[in-house]
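These notes are about the structure you will find just below.
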Amino acid sequence: MKQKITYLGRVYWSLKSLLTGMKVTLKEFFTPKVTEQYPENRKTLKISERHRARLIMPHDEEGNNLCIACGLCQNACPNGSIRITTKNIVDEESGKSKKTLVSYEYDLGCCMFCQLCVNACPKGAIKFSNDFENAVFDRSKLVQKLNK
Amino acid sequence: MYDFSIITTAIDQFLRSLMPSGLAIFIECVLVGACVLVAYIVLAIIMIFMERKVCAAFQCRLGPMRVGFWGTLQVFSDVFKMIIKEIIDLKRTDNMLYNLAPFLVVLSSVLTFSCLPFAKGMEVLDFNVGLFFLMATSSFGVLGIMLAGWSSNNKYSMIGAMRSGAQMVSYELSIGISMLTLVVLSGTLQLSEIVSRQSDAWFIVKGHIPAFIAFVIYLIAGNAETNRGPFDLPEAESELTAGYHTEYSGMGFGFFYVAEFMNLFIVSGIASTIFLGGWMPLHILGLDGFNAAMDYIPGVVWFLGKTFFVIWLLMWIRWTFPRLRIDQVITLEWKYLVPIGIVNLLIMTLCVVMGWTL
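Chains as they are written, first to last, in the numbering used here: chain A, 740 to 887; chain B, 153 to 510.
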């Protein structure tokens, strides 16, 4: 499929492609700028929905979460920043034992925000929020208990 | 129309009435030199600020915003930082050439800068081979760059300087040819005369198609001549750290930096002088009221407005295209720009001879 391009054809095509590029940047020149002037505009700050700043576990009004304590997120985490403590509760009606969550500990200090835990979760019980102001004065405060 | 020569003549007569004419001329020279240098620095500061803002806008950013209102004082703090930096004496370099090189670069661009006609009667160097002189002075900046690369005793500097030499010597040709095209149209090399012949219509309108082609060639070659834009491979950061000025610190680097920006201003200034009418206001044939209204805007404003428009065009080119390889740079020049330029020169000559110009 190699076509022979003439001299003037090359001039034409290169000019055309150069002008296409210049059109793109000209459009970019007049679009609203994405820079956020952070400390001044804390009130109106816009952060992308997909920004990963902190792992959270959403709870409904009654304080229930979707976690089934399967431990997949703990296994998926490359840094070992998630620790799940479980206990077995025997259901009185059926007599079956069921694994339930006691505490979901998340260490923000060694999280690398790879989102593998969120992808591994079969129930969608955890997600990343874009609440990014996570600085604390004590390292122990970085270890958070996510379930209620 | 405002004529700046009234002021200069008044100053001249005032000085001559006080002292002998030799001394008066000497004082005038010093005054003019100081004015040129001040204008040079002020424009360089404006240009650096503009570069940062325009570059940011093309990349969907805001640029410097913190120092002063909208970052206006950013350049001053940059300059201050550069001044207080230590100038390092390197061992095993050719010390004299090493220290001489930045001055050659700045000298070349100051000489070229003083050729520009800013307004009516506001030309420092204006004589009958002005454009020729301008090309001669602008082309010895490459000597400073070569010396900087050679004397630094550094591989990066050397490669950068060699690339710069190959590139600037090549693109000088295209600039010359496209200027020559306009000289054919104007029939003079004197810059003030070139401007005053555009009083009815700018040359880019008068010379229509060939003038426009020459303008495009001039913009491409001008970008290459200032080592900017897609042609910044003499100082390609990713390959050569900083090219020919790798070893310079403090104001040595500052001189190269300022000279690079002022070369951009000079290239744009020449473009606006020979293509867009220089300080000549926008005149449309037949609309006398409009022309009279345009005459009320002073020539300096027109000149700077056009120049900054061309600078913006060049910055647009710079922040759009990726850097070329050295063989692509040379191919573009010798296989495309020079032949097209020469054919264009012939077309322009034909147009002028046959009277096909507007």
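Ideal Cβ placement from N, Cα and C applies to all residues, glycine included.
Please report the distance separating the alpha-carbon of residue i from that of residue j.
| i | j | result |
| --- | --- | --- |
| B:D352 | B:N443 | 10 Å |
| B:F455 | B:A363 | 19 Å |
| B:N524 | B:S326 | Chain B is shown from 153 up to 510; residue 524 of chain B falls before or after that span and cannot be answered. |
| B:M217 | B:K205 | 9 Å |
| B:I132 | B:E399 | An answer regarding residue 132 of chain B cannot be provided, because it is not within the stretch 153 to 510 covered by chain B. |
| B:V190 | A:V773 | 37 Å |
| B:S424 | B:V452 | 12 Å |
| A:E788 | A:A815 | 23 Å |
| B:G441 | B:N251 | 56 Å |
| A:Y746 | B:L489 | 12 Å |
| A:G956 | A:Y777 | Any answer about residue 956 of chain A is impossible in this case: the structure gives chain A only from 740 up to 887. |
| B:L434 | B:F355 | 12 Å |
| B:T518 | B:N247 | Since the first and last residues shown for chain B are 153 and 510, residue 518 of chain B lies out of range. |
| B:I478 | B:E387 | 12 Å |
| B:G339 | B:C187 | 31 Å |
| B:R475 | B:V462 | 21 Å |
| B:K243 | B:L277 | 40 Å |
| A:C860 | A:T825 | 16 Å |
| B:W464 | A:S879 | 53 Å |
| B:V505 | B:M287 | 26 Å |
| B:G429 | B:W222 | 32 Å |
| B:L175 | B:D164 | 11 Å |
| B:I369 | B:M171 | 50 Å |
| A:C812 | A:Y843 | 10 Å |
| B:I449 | B:I240 | 48 Å |
| B:S169 | B:E275 | 24 Å |
| B:K307 | B:G404 | 19 Å |
| A:K782 | A:Q854 | 27 Å |
| B:C503 | B:V357 | 13 Å |
| A:A792 | A:L784 | 15 Å |
Can you pull the DSSP bridge partners for residue i?
| i | result |
| --- | --- |
| A:V829 | A:S836 |
| A:D893 | In the structure displayed, chain A extends from 740 to 887; residue 893 of chain A sits before or after that span and is not available. |
| A:K866 | A:I795 |
Run the proximity test for residue i: is its beta-carbon closer than 7 Å to any non-hydrogen atom belonging to the ligand FAD?
| i | result |
| --- | --- |
| B:L225 | Absence of the ligand FAD is noted for the structure shown, with no ligands found whatsoever. |
Below 8 Å on the Cβ atoms is my contact criterion, and I expect residue i with residue j to pass it. Report the Cβ-Cβ distance as a whole number of Å.
| i | j | result |
| --- | --- | --- |
| B:G282 | B:D155 | Going by Cβ atoms, the distance from B:G282 to B:D155 rounds to 19 Å, so no, they are not a contact pair. |
| A:D846 | A:L881 | 6 Å |
| B:T509 | B:G359 | 6 Å |
| A:F871 | A:I795 | About 12 Å separates the two Cβ atoms, so there is no contact after all. |
| A:K887 | A:H798 | 6 Å |
| B:A271 | B:S330 | That belief does not hold up - the Cβ atoms of B:A271 and B:S330 are roughly 25 Å apart, past 8 Å. |
| B:L341 | B:F284 | 6 Å |
| A:F768 | B:F210 | 5 Å |
| B:T289 | B:S260 | 6 Å |
| B:E238 | B:S401 | 7 Å |
| A:V857 | A:F867 | 6 Å |
| B:Y396 | B:S291 | Not quite, the Cβ-Cβ distance comes to about 16 Å (not below 8 Å), so this is no contact. |
| B:V335 | B:T501 | Actually they are not in contact, since the Cβ atoms of B:V335 and B:T501 sit about 11 Å apart, beyond 8 Å. |
| B:L466 | B:G374 | 7 Å |
What did DSSP end up calling residue i once you bin it into helix, strand or coil?
| i | result |
| --- | --- |
| B:F166 | helix |
| B:I449 | coil |
| A:I823 | strand |
| B:V194 | helix |
| A:V841 | strand |
| B:G507 | coil |
| A:K782 | coil |
| B:Q211 | coil |
| B:A288 | helix |
| B:F460 | helix |
| B:K237 | coil |
| A:Q854 | coil |
| B:A300 | helix |
| B:G328 | helix |
| A:C806 | coil |
| B:Y400 | coil |
| B:L371 | helix |
| B:M217 | coil |
| A:H790 | coil |
Could you name the residues of chain C that residue i contacts, counting a contact when the two beta carbons are closer than 7 Å?
| i | result |
| --- | --- |
| B:C212 | Protein chains in the displayed structure are A and B, and chain C is not among them. |
Quiz item: How do the segment 217 to 228 of chain B and the segment 367 to 386 of chain B stand: do at least 3 beta-carbon pairs fall below 8 Å, yes or no?
Solution: no
Quiz item: Just checking, does the segment 252 to 262 of chain B make contact with the segment 290 to 299 of chain B on the three C-beta pairs under 8 Å criterion?
Solution: yes
Quiz item: Is it a yes or a no for the segment 310 to 324 of chain B touching the segment 467 to 483 of chain B, going by three-plus beta-carbon pairs under 8 Å?
Solution: yes
Practice problem: Would you be able to state if there are at least three C-beta pairs under 8 Å between the segment 756 to 763 of chain A and the segment 185 to 199 of chain B? | Solution: no
Quiz prompt | Three CB pairs or more closer than 8 Å across the segment 299 to 315 of chain B and the segment 328 to 346 of chain B | solution = no
Quiz item: If we count Cβ pairs, one from each stretch, closer than 8 Å, do we get three or more for the segment 804 to 813 of chain A versus the segment 157 to 170 of chain B?
Solution: no
Quiz item: Would you call the segment 265 to 279 of chain B and the segment 401 to 421 of chain B touching, i.e. three or more CB-CB distances under 8 Å?
Solution: yes
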